[in-house]
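**Q**
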Amino acid sequence: MKGTNLGEFQELVLLTIGSLHPEAYGVAIKEEIYAHTGRKVTLSTVHAALNRLEKKGLVKSDLGEATKIRGGKRKRYFTITAYGVRMLSEAKQQRESLWNSIPDIVFQVNLNGS
Amino acid sequence: MKTEKTHLPPKWAERVLEWYCRPGVLEDLQGDLHEFFDRNLENKGPFRAKVNYVIDVVKFMRPYTVKKLEILDNITTFIMFKNYFKTSIRSIGRNKLFSAINVIGLAISMSVCLLMISFLSEVFSYDNFHVDKDRMYRIMTSNQFLQEDPSDFASTSVLVGKRLQEEVPGIESSVIMRRNFGGDAKIGDKTIPISGIWAGEGFFDVFKAFPLIQGNPETALKEPYSIVLTEEAAVKLFGDEDPMGKIIQLRSENSYTVTGIVQKPPHNSHFTFETLGSFITYENERKKNSTGNYWISWNDIWSNYVYMVLEPNTSASQVNAALKAIQDEENAKNDRVNNYVKLQSIGAIMPGPDLSNNIGKSMNTSILWLLSGLTFIVILCAGFNYTNLSIARSLRRAKEVGVRKVVGASRKQVFSQFIVEAIIISLISLVFATLLFYVIKPEFLNLDGEIQEVAKIQTTPTLFIYFFVFSIVIGIMAGFFPAVFLSKLKAVKVLKDAGSTTLFKKINMRKVLIVVQFTLSLAFIISATIGYRQYKYALAFDLGFKTENVLNVRLSGNDANTVANAFRSIPEVTEISKSLMIPSIGNRYGNTLKYDDPMDSVTLYYNIIDENYIPLMDHDLVAGTNFESRPEQEKEEVIIVNEQVLKRFNIGTPDEAIGKQIQLGGGTNGNKVRIIGVVKDFHYAKISDGIKSFGFRYRPGEYDYLNLKINTNDIVGTMDKLKSAWLDIDDVHEFSAMFYDERIERAYSEFSVMFTIVGFLAFITISLAALGLLGMAVYTAETRLKEISIRKVLGATEGSLIKLLARGFMWLLIIAALIAVPATYFLFDSVVLAQSVNRISIGIIELMSGVVVIFAIGFLTIGSQTLKAAKSNPAETLRTE
Chain A
6 MKGTNLGEFQ ELVLLTIGSL HPEAYGVAIK EEIYAHTGRK VTLSTVHAAL
56 NRLEKKGLVK SDLGEATKIR GGKRKRYFTI TAYGVRMLSE AKQQRESLWN
106 SIPDIVFQVN LNGS
Chain B
20 MKTEKTHLPP KWAERVLEWY CRPGVLEDLQ GDLHEFFDRN LENKGPFRAK
70 VNYVIDVVKF MRPYTVKKLE ILDNITTFIM FKNYFKTSIR SIGRNKLFSA
120 INVIGLAISM SVCLLMISFL SEVFSYDNFH VDKDRMYRIM TSNQFLQEDP
170 SDFASTSVLV GKRLQEEVPG IESSVIMRRN FGGDAKIGDK TIPISGIWAG
220 EGFFDVFKAF PLIQGNPETA LKEPYSIVLT EEAAVKLFGD EDPMGKIIQL
270 RSENSYTVTG IVQKPPHNSH FTFETLGSFI TYENERKKNS TGNYWISWND
320 IWSNYVYMVL EPNTSASQVN AALKAIQDEE NAKNDRVNNY VKLQSIGAIM
370 PGPDLSNNIG KSMNTSILWL LSGLTFIVIL CAGFNYTNLS IARSLRRAKE
420 VGVRKVVGAS RKQVFSQFIV EAIIISLISL VFATLLFYVI KPEFLNLDGE
470 IQEVAKIQTT PTLFIYFFVF SIVIGIMAGF FPAVFLSKLK AVKVLKDAGS
520 TTLFKKINMR KVLIVVQFTL SLAFIISATI GYRQYKYALA FDLGFKTENV
570 LNVRLSGNDA NTVANAFRSI PEVTEISKSL MIPSIGNRYG NTLKYDDPMD
620 SVTLYYNIID ENYIPLMDHD LVAGTNFESR PEQEKEEVII VNEQVLKRFN
670 IGTPDEAIGK QIQLGGGTNG NKVRIIGVVK DFHYAKISDG IKSFGFRYRP
720 GEYDYLNLKI NTNDIVGTMD KLKSAWLDID DVHEFSAMFY DERIERAYSE
770 FSVMFTIVGF LAFITISLAA LGLLGMAVYT AETRLKEISI RKVLGATEGS
820 LIKLLARGFM WLLIIAALIA VPATYFLFDS VVLAQSVNRI SIGIIELMSG
870 VVVIFAIGFL TIGSQTLKAA KSNPAETLRT E
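For the record, the sequence lines run as chains A and B.
Residue numbering for the first sequence follows the numbering used here, starting at 6 and increasing by one per position.
Residue numbering for the second sequence follows the numbering used here, starting at 20 and increasing by one per position.
(1) Within its chain, find whatever has a CB closer than 6 Å to the CB of isoleucine 659(B); leave out the 5 residues flanking it on each side and keep chain order.
(2) Does the CB of valine 64(A) have a neighbour CB from chain B at under 7 Å?
(3) According to the Cβ coordinates, are valine 76(B) and valine 35(B) closer than 7 Å?
(4) Could you check if alanine 889(B) is buried or exposed, using at least 16 other CB atoms within 10 Å of its CB as the buried criterion?
(5) Quick one: does lysine 78(B) have its CB under 7 Å from some CB of chain A?
(6) By alpha-carbon positions, which one of Ile495(B), Met369(B), Lys307(B), Thr291(B) ends up nearest to phenylalanine 226(B)?
(7) Quick one: what's got a C-beta closer than 7 Å to arginine 552(B)'s C-beta in the same chain, skipping five residues either side?
(8) Please return the same chain residues whose Cβ sits closer than 7 Å to the Cβ of arginine 305(B), not counting the five positions on each side in sequence.
(9) Rounded to whole angstroms, what is the Cα-Cα separation between serine 102(A) and aspartate 47(B)?
(10) May I ask which residues mark the beginning and end of the beta strand (DSSP E) holding asparagine 626(B)?
(11) By Cβ distance, which residues of its chain are closer than 7 Å to glycine 311(B), with the 5 residues on each side in sequence left out?
(12) So is histidine 53(B) in contact with chain E if we call contact Cβ pairs under 7 Å?
(13) From the beta carbon of aspartate 146(B), is the nearest beta carbon of chain A less than 7 Å away?
(14) Applying a beta-carbon distance threshold of less than 7 Å, which residues of chain A neighbour glycine 124(B)?
(15) Listing by chain order, which chain B residues have their CB less than 8 Å from the CB of threonine 47(A)?
(16) When the distance is taken between beta carbons, is asparagine 857(B) closer than 7 Å to isoleucine 763(B)?
(17) With 9 Å as the C-beta to C-beta threshold (strictly closer), list the residues of the segment 72-83 of chain A near chain B in chain order.
(18) Taking only the alpha-carbon atoms, compute the straight-line gap between valine 32(A) and isoleucine 107(A) and give it to the nearest angstrom.
(19) Would aspartate 153(B) pass as an interface residue toward chain A - the criterion being a Cβ-Cβ separation below 7 Å?
(20) Here's a check: name, in chain order, each residue in its chain whose Cβ is nearer than 6 Å to the Cβ of phenylalanine 100(B), leaving out the five neighbours to either side.
(21) In chain order, what residues of the same chain have a beta carbon less than 6 Å from the beta carbon of valine 513(B), not counting five sequence neighbours either side?
(22) Does arginine 67(B) get closer than 7 Å to chain A when you measure Cβ to Cβ?
(23) Taking 7 Å as the limit between beta carbons, can you name the residues of its chain near methionine 382(B), skipping five residues before and five after?
(24) How big is the Cα-Cα spacing for asparagine 407(B) and isoleucine 807(B)?
(25) Thinking glutamate 54(A) and glutamine 15(A) are a contact (beta carbons under 8 Å), I'd like their distance in whole angstroms, please.
(26) Beta-carbon of valine 32(A) versus every beta-carbon of chain B: anything under 7 Å?
(27) Report buried or exposed for glycine 862(B), applying the criterion of at least 16 other Cβ atoms within 10 angstroms of its Cβ.
(28) Within a Cβ cutoff of 7 Å, which residues of the same chain sit near valine 194(B), ignoring the five residues on either side of it in sequence?
(29) Note down, in chain order, all residues in the segment 389-406 of chain B with a beta-carbon under 7 Å from any beta-carbon belonging to chain A.
(30) Grab the span of the beta strand (DSSP E) containing lysine 216(B) for me, first residue to last.
(31) Could you give the first and the last residue of the continuous beta strand (DSSP E) run that contains threonine 294(B)?
(32) Taking the CB atoms as reference points, tell me whether proline 28(B) and phenylalanine 55(B) lie closer together than 7 Å.
(33) Where are the alpha helix (DSSP H) runs, 4 residues long or more, that stay fully inside the segment 226-304 of chain B, in chain order?
(34) Is there a Cβ of chain B sitting closer than 7 Å to that of alanine 53(A), yes or no?
(35) Beta carbon of tryptophan 317(B), beta carbon of leucine 178(B): below 7 Å?
(36) Applying a beta-carbon distance threshold of less than 7 Å, which residues of chain B neighbour asparagine 10(A)?
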């Protein structure tokens with residue numbers, strides 16, 4: 006993909022994994038995203054994103070215990086790696102520094118304009 | 020909770036997921052999908068949940084979830100191919116005896132199959148060249164007299180052809196044809212015999228694949244006295260001159276004009292012709308000459324043919340319905356004879372059903388089935404050999420399989436290794452088989468004139484492709500069981516205790532295969548013996564008259580007296596008589612016969628003879644006198660009948676019958692004749708048919724044959740004399756003569772062909788079975804060598820050892836005999852020979868001869884090997900341990 010940059014959706018998934026820790030798995034992540042943002046994403050989208058994150062080394066996954074509820078299939082739990090944490094905080098810092106550099110006047114104009 | 024339990028994700032969608040999904044990702048995906056499905060079940064109901072599940076399964080098809088393509092696996096197999104090839108060649112080379120047995124067996128039986136393949140492909144290529152062959156049909160007729168069994172004819176009536184052309188819609192083009200056009204053509208002072216068929220105007224519309232090279236297809240056969248020649252005929256008649264528009268004197272000196280030159284029909288056309296005469300000529304002549312309208316009646320179905328091409332949107336059943344209406348209408352006018360007409364597709368003619376009065380070549384479908392069946396049995400036997408020997412030897416190769424599996428070969432790979440090995444054997448065999456094929460091909464073609472007429476068996480590149488594919492198929496089939504068996508072996512078990520016999524429990528199948536092989540061999544031998552005996556029986560059968568040293572000469576249209584006078588001067592010819600036909604070889608002439616009751620008629624089979632015939636053939640006159648020589652052109656007044664006629668009409672004793680009047684011919688044309696003699700019953704037909712009413716008629720001038728009694732020690736010299744005498748009279752027609760005995764032999768050639776083919780196949784199957792048995796015996800002797808040595812050390816005698824080793828095999832042979840003998844007896848007694856009136860009774864000699872042969876061969880094969888094993892020195896075999 007495009008090097009180490011995080012996509013918007015990938016960042017969202019990564020954050021959700023963090024917030025659900027240590028119970029982050031496919032369906033739960035999808036539900037959490039819906040609860041927080043109201044975005045209806047499909048399972049396959051979430052899975053694709055998780056797969057890509059894992060390939061980039063931002064998350065790692067382990068299979069949990071088998072439960073009855075999933076037709077006897079085990080859950081794959083995702084956790085953020087140290088590298089993932091660094092990427093997240095880097096992204097956060099980039100935004101914050103950008104936020105800070107916006108002059109106050111911009112917000113006022115916007116408020117008035119709307 | 021209830022709904023959760025009862026509703027599950029659709030099974031098929033789950034299977035799709037399992038099919039495409041990578042194993043590593045699968046479990047998690049399935050779990051998530053299942054969980055999501057359950058949530059949907061609660062929120063949205065079962066239907067939406069299922070739909071969503073399916074949609075998600077489809078959506079999950081992404082590069083990272085889909086399995087690696089199978090091609091990659093196949094590439095590994097492909098790379099391994101080189102290795103399989105190498106090991107196969109090595110294993111073949113290591114076991115020279117077994118490989119030789121396999122190759123020889125397969126090669127012999129494959130050569131028979133190759134012959135069959137080329138024969139079948141040729142027979143099935145018949146009439147494929149026709150344009151619109153899917154829409155091309157002819158009318159066939161079923162002729163039924165009263166309530167007797169109907170007989171099927173390829174021919175039909177002119178009437179149905181006419182009515183078809185006038186009344187039935189949906190026919191694109193049609194043509195009426197008739198046999199027996201031709202005769203002696205005169206051009207200037209040359210006379211050249213030609214043959215041909217009468218063909219109506221539509222001929223070139225129906226048969227577009229017979230194109231006119233010169234002339235107009237629209238008009239070539241339109242006018243009376245038009246004739247169309249093939250290129251060959253044109254060259255024969257006119258040499259290099261342009262034949263178009265030339266005049267040919269033909270059939271009572273009528274002048275025919277050449278209106279076209281047509282390409283000769285290809286070899287694989289079911290009918291062929293040298294010339295075509297316009298059908299309108301025949302019609303006109305008949306209208307002018309004949310008193311009745313029999314030629315265009317519903318009942319004259321003997322020599323006419325109707326071919327047609329249907330319009331594209333017309334179905335055969337529509338035309339059949341129209342034909343049925345015509346048939347019902349016409350049959351209503353007849354009281355005794357019913358004719359049933361229906362369409363026969365051009366593709367179903369050759370090969371096709373057994374029809375009388377074929378216009379050209381015919382080949383019965385059931386004969387093809389029989390031949391293919393026999394061939395299949397032969398190749399089956401060779402396949403059994405391979406299977407048997409491979410499984411027997413699998414003990415030795417089990418370790419190899421074990422090592423391969425440990426190194427990481429999958430079951431599929433081991434399987435393909437052994438299949439490859441079988442294919443290699445099969446391909447090597449193909450090379451030898453092809454050589455053998457060229458050896459047996461001329462033998463097969465020379466078996467019977469009929470075969471030669473139908474097939475040429477030219478080897479074409481396509482044929483070799485068939486051969487190649489065939490040998491690969493055979494390889495796969497022969498190698499299938501050993502490959503399954505070996506690939507199933509568990510590596511751990513094999514390597515831990517390779518000698519353990521528990522691995523080879525299922526080897527009983529080997530015994531079954533041996534029994535099947537020997538049963539088939541026995542059945543073949545017995546069939547060949549019975550066929551041979553029936554043939555000899557037919558030849559030696561007392562027909563009721565003498566055929567020795569009788570030479571039948573065809574007159575070919577010459578005056579009988581002229582030819583007879585010419586032959587009379589040759590001293591070796593002691594007697595001469597004249598006749599219309601030659602009885603007892605399958606041909607018959609028939610007429611209606613009545614006695615005092617005008618409603619009671621019977622078919623009288625007859626021959627027209629002169630006064631010398633009965634003494635020459637040594638027929639036994641029971642009562643009355645022979646014919647007297649009479650001047651020609653006198654009304655037919657007298658007849659000599661056989662005893663059956665008297666029986667049929669209750670005329671009484673032969674002496675009482677003399678002087679009684681009987682009527683020949685039905686209806687108003689009947690002619691009263693007086694019985695002047697009664698001849699003892701004799702076989703005028705083939706001996707498989709019974710004896711019915713037969714009569715000798717006296718009609719001078721209607722002779723086709725001279726019967727010469729020859730007394731000579733120098734047959735060739737006499738024949739030369741006869742030939743030169745013939746050439747003095749007729750230099751146009753060939754001298755055609757054949758000894759009566761030879762004619763009879765030819766008439767029963769079906770039996771000789773049958774026992775030759777079956778005998779040959781018997782020889783092959785026996786050789787195969789013996790080879791297989793040899794292989795098994797060698798193998799058993801080898802594997803049990805140690806056991807034998809120990810027994811010997813402990814004091815067993817050679818005799819007891821042979822008994823021990825041979826007992827198992829002999830049991831198999833006995834079982835085979837117990838199956839084959841009754842089965843073959845039943846087959847011949849109640850099926851093949853059941854309809855023959857005169858037949859051999861199948862006795863113990865016919866049945867047991869085969870058994871004795873098989874047992875002798877079996878015993879020799881097994882005995883030689885077991886003896887070798889039993890004689891071996893125990894010190895040598897045991898020392899190496």
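Backbone N, C-alpha and C fix where the C-beta goes; we use that ideal spot for every residue, glycine too.
On a predicted model such as this, the values are computed, not experimentally measured, just so you know.
**A** On the basis of the data shown:
(1) Gly696, Val698, Phe715
(2) no
(3) Cβ atoms of valine 76(B) and valine 35(B): closer than 7 Å.
(4) buried
(5) yes
(6) Thr291(B)
(7) Counting only residues of its own chain and dropping the five nearest sequence neighbours on each side, arginine 552(B) has a CB closer than 7 Å to the CB of Ile859, Glu865.
(8) Trp314
(9) 39 Å
(10) Start and end: 620-627.
(11) Excluding residues within five positions, none has a Cβ falling inside 7 Å.
(12) The chain labelled as chain E is not found among the protein chains of the depicted structure, namely A and B.
(13) no
(14) By Cβ distance, chain A contributes nothing, its closest Cβ being about 55 Å from glycine 124(B), past 7 Å.
(15) Within chain B, the residues near threonine 47(A) are Asp75, Lys78.
(16) no
(17) Thr72, Ile74, Arg75, Gly76, Gly77, Lys78, Arg79, Lys80, Arg81
(18) 38 Å
(19) Nearest CB-CB separation between aspartate 153(B) and chain A: not below the 7 Å threshold.
(20) So no residue of the chain qualifies.
(21) Ala417, Gly421
(22) no
(23) Val142, Met369, Pro370, Val473
(24) 23 Å
(25) The question names glutamate, but residue 54(A) is alanine in the sequence shown. Their Cβ separation, rounded to whole angstroms, is 5 Å, which keeps alanine 54(A) and glutamine 15(A) in contact under 8 Å.
(26) yes
(27) exposed
(28) The beta carbon of valine 194(B) is closer than 7 Å to those of Ala218, Gly219, Gly221, Phe222, Val225, Tyr326 in its chain, skipping five residues each way along the sequence.
(29) none
(30) The question names lysine, but residue 216(B) in the sequence shown is isoleucine. Element bounds for isoleucine 216(B): 209-218.
(31) 294-297
(32) no
(33) 250-257
(34) yes
(35) yes
(36) In chain order: nothing, as chain B lies at least about 20 Å away.
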